[in-house]
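A short write-up of the structure that comes next.
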DNA sequence: TGAAACTGTATCAAAAGAGGTTACAAAAAC
DNA sequence: GTTTTTGTAACCTCTTTTGATACAGTTTCA
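Protein chains in written order, with my numbering: chain A, 18 to 156; chain B, 18 to 156.
Here you go:
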């Protein structure tokens, strides 16, 4: 299971919230649609809350709803809200520093990583949650 | 360890090969610079060979060298040559198909994944191995 | 006021993946 | 034919992600 699917689940969760409008949705219900455990959903919602994408309320009649309109939620925000890993990892162990190549490799790769991450964010900034909903409904 | 560092190591390996020109380099030597096990390097070289980026020779006096000039090796080729995971994974378990949202989510996410992957490839196509070497040497 | 219904989190167990290691067959060189 | 080296299989361990249980704290409502 070691592949991070939080972004995928987040899109799913946000779509459900969008379709529910102002009505609060319980983590239990969302978990049913996503087919996972309510705690997994609550953990995720916690991240989305920190990024001001959703609001949750505790207690009876509690639940979550979007913090803003679907048209104002960019997928780039969702991506940034989550602790997704980078596209590629740097070496687990540091390269041999006695080797002139090894010595400068990490810095280069780190820069490349940032560069790629920026590309991804830009691509994701082309989509809002509303676009997602439209695509899914027309399918 | 569960984050894939093969791309990072591949760049490192290719840089070493580039600096060695026509001279064949042994997996043992490369492993020393990358600070890992020779078998890990050979596994990686095997992938790079399949993509026609390097050539290896078995036997005494064997080793590996680049299959083409550094200026003709695009980082996008390196990326494609490796079994790197996607930027984000789809849900581990399939979403609930009784839910209208869940039913169409997978297709959408899959398309988005391809879209992002294309962005990454385009970004990486802006760099060749020669660019990498120049950057590292000027550091 | 007290029971019921939720969220938020901590903690643990289970599953999967990545990388490290050993071992050995096959190939080439000398 | 001995030595050196790649190619690959097999196995172990570590890490990460997800699933699951438990429970404290909040809010609603009778």
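Quick reminder that beta carbons are idealized off the backbone N, C-alpha and C, glycines included.
Among the options, nearest to residue i - alpha-carbon criterion
i	options	result
residue 142 of chain A	B:139, B:133, B:147 and B:149	B:133
residue 44 of chain A	A:74, A:23 and A:112	A:74
residue 89 of chain A	A:69, A:124 and A:77	A:69
residue 87 of chain B	B:78, B:71, B:79 and B:58	B:71
residue 147 of chain B	B:117, B:65, B:91 and B:138	B:91
residue 65 of chain A	A:85, A:49 and A:50	A:85
Pair within 9 Å by beta-carbon distance, residue i and residue j
i	j	result
residue 129 of chain A	residue 144 of chain B	yes
residue 34 of chain B	residue 93 of chain B	no
residue 27 of chain A	residue 67 of chain A	no
residue 30 of chain A	residue 61 of chain A	yes
residue 25 of chain A	residue 108 of chain B	yes
residue 52 of chain A	residue 110 of chain B	yes
residue 121 of chain A	residue 154 of chain B	yes
Host beta strand (DSSP E) of residue i (start-end)
i	result
residue 80 of chain B	80-83
Alpha carbon of residue i to alpha carbon of residue j, nearest angstrom
i	j	result
residue 136 of chain B	residue 103 of chain B	12 Å
residue 115 of chain B	residue 76 of chain B	59 Å
residue 47 of chain B	residue 23 of chain A	36 Å
residue 119 of chain A	residue 140 of chain A	32 Å
residue 123 of chain A	residue 106 of chain A	11 Å
residue 101 of chain A	residue 95 of chain A	10 Å
residue 83 of chain B	residue 21 of chain B	23 Å
residue 55 of chain B	residue 63 of chain B	12 Å
residue 57 of chain B	residue 78 of chain A	54 Å
residue 138 of chain B	residue 149 of chain B	16 Å
residue 40 of chain B	residue 131 of chain A	34 Å
residue 49 of chain A	residue 38 of chain A	19 Å
residue 36 of chain B	residue 36 of chain A	57 Å
residue 59 of chain B	residue 117 of chain A	22 Å
residue 32 of chain A	residue 32 of chain B	45 Å
The alpha helix (DSSP H) enclosing residue i, as first and last residue numbers
i	result
residue 156 of chain A	Run containing residue 156 of chain A: none; DSSP gives neither H nor E here.
residue 25 of chain B	23-37
Query - Every unbroken beta strand (DSSP E) within the region 43-121 of chain A, with a cutoff of 3 residues, ordered by chain - result: 71-74 and 80-83
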